[in-house]
Structures are given as C-alpha cells and as structure tokens.
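> When you line the sequence shown up against my numbering, it's residues 3 to 182, in that order.
Glycine is no exception: its CB is placed at the ideal position from the N, C-alpha and C atoms.
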Amino acid sequence: MNRYHFLSVAAGALMLFSTTGAYAQPDGRPMPPSGKPPEAWREHQEEMRERIQEHREKMQDRREEHRERVEEHQERMKDRREDARDRHEDYRDRHEDMRDHREDRRDWHEDRYDRREDKWDDKHDGGRRDKAEDYYDRKEDRYDRREDGRDRKEDRFDRREDRRDGRDAPPRGGRGGGRD
C-alpha cells in the first residue's frame, strides 16, 4: 500500500462529506457556499452592498477633492510662472534702461569735454593748435612706424574696446584711470 494512500482516502472522505451537506442545517438542506444560513447571507450581502456603495461614494469624493486640489495647484503654478516672467522682464528692462542711461551720460561727458577743448582752441589761438597737433601727429606716426609696418603704440597702450574715439592715447588721469 502506498504511503500516500491514507491521505487520498481522507481527502476523498472530506470531499464527500463537504458535498453532502449533512453537517449543514437541522433540516438537512445544504448551506450556501458562504457557510451562513440564507437569511444571514442576505443580510450580509445587503450590508456588503451598502459598504461597497459607501466606499465608492467616499472614493468619488476623494477623487473630486484631489482634482480640485490639482487644479488649484496648477493655477498657482501658472500665476507664479507669470509673476516670475514679469519680474524677469522688469529686471531686464531696468538693466537696459540703466545701460542706455550710462551710454547717454558717457556721450554727454565726451561731448562736453570736446566742447571745452574746442572752446579753448577758439578762444586762445583761433585753431592754430589743431594745425600744430596734426603736424606733430604726422611726425609721430612717421617715427612710430616700425619696419614690419605695425605701430609702436600698440605695444605701449592697450587698445581697449571701449576707447571710443579710436585714437591710441594713454588713459586720461583722474578718478581711477578711465573717464566715463
């Protein structure tokens, strides 16, 4: 006899016993699969239906609340992005205005400086100083030209990009070098 024979016999007896329903109710009718008498099973089903319905309603409420929260959050983020964009544009406009203002002031100072020089020339020598400067500039150019054709002044002074008049001149004195 196989050693599992007893187990299979016991399993068969158990199955037979469970299908007959002899253990179930006093009048011998088999119990429903739930293991409860029919009226209790009906009550249980109604209770479960109510609980399922409550749970569905609760989940629906939660979904609606969550959707509202998400929409509020998206609105807030949109407003924040717009505020940040506006702030950035204001900042950029302020910087551009300040840059234009500085350029205007620089041009005004240069014009004033040139006007004062012209006024001095007109007042003192009637323009003879310009002729002398041109003469000496030509002489300096002849002297400063090297064999390779480059300018000796390129070695003496840095050609800064913000040198506005394009001349090779040493930085003017006063107030930290450059004149703005």
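Just verifying my parser: in three-state terms, what is the DSSP assignment at Tyr-6?
coil
> Here's a check: name, in chain order, each residue in its chain whose Cβ is nearer than 6 Å to the Cβ of Asp-120, leaving out the five neighbours to either side.
none
> Please state the DSSP three-state secondary structure of Pro-40.
Helix at Pro-40.
> Give the straight-line distance between the Cα atoms of Gln-76 and Glu-84, rounded to the nearest whole angstrom.
12 Å
> Roughly how many whole angstroms lie between the Cα atoms of Asp-92 and Asp-102?
15 Å
> Excluding the five sequence neighbours on either side, which residues of its own chain have a C-beta within less than 7 Å of the C-beta of Trp-110, listed in chain order?
Same-chain partners within the cutoff: there are none.
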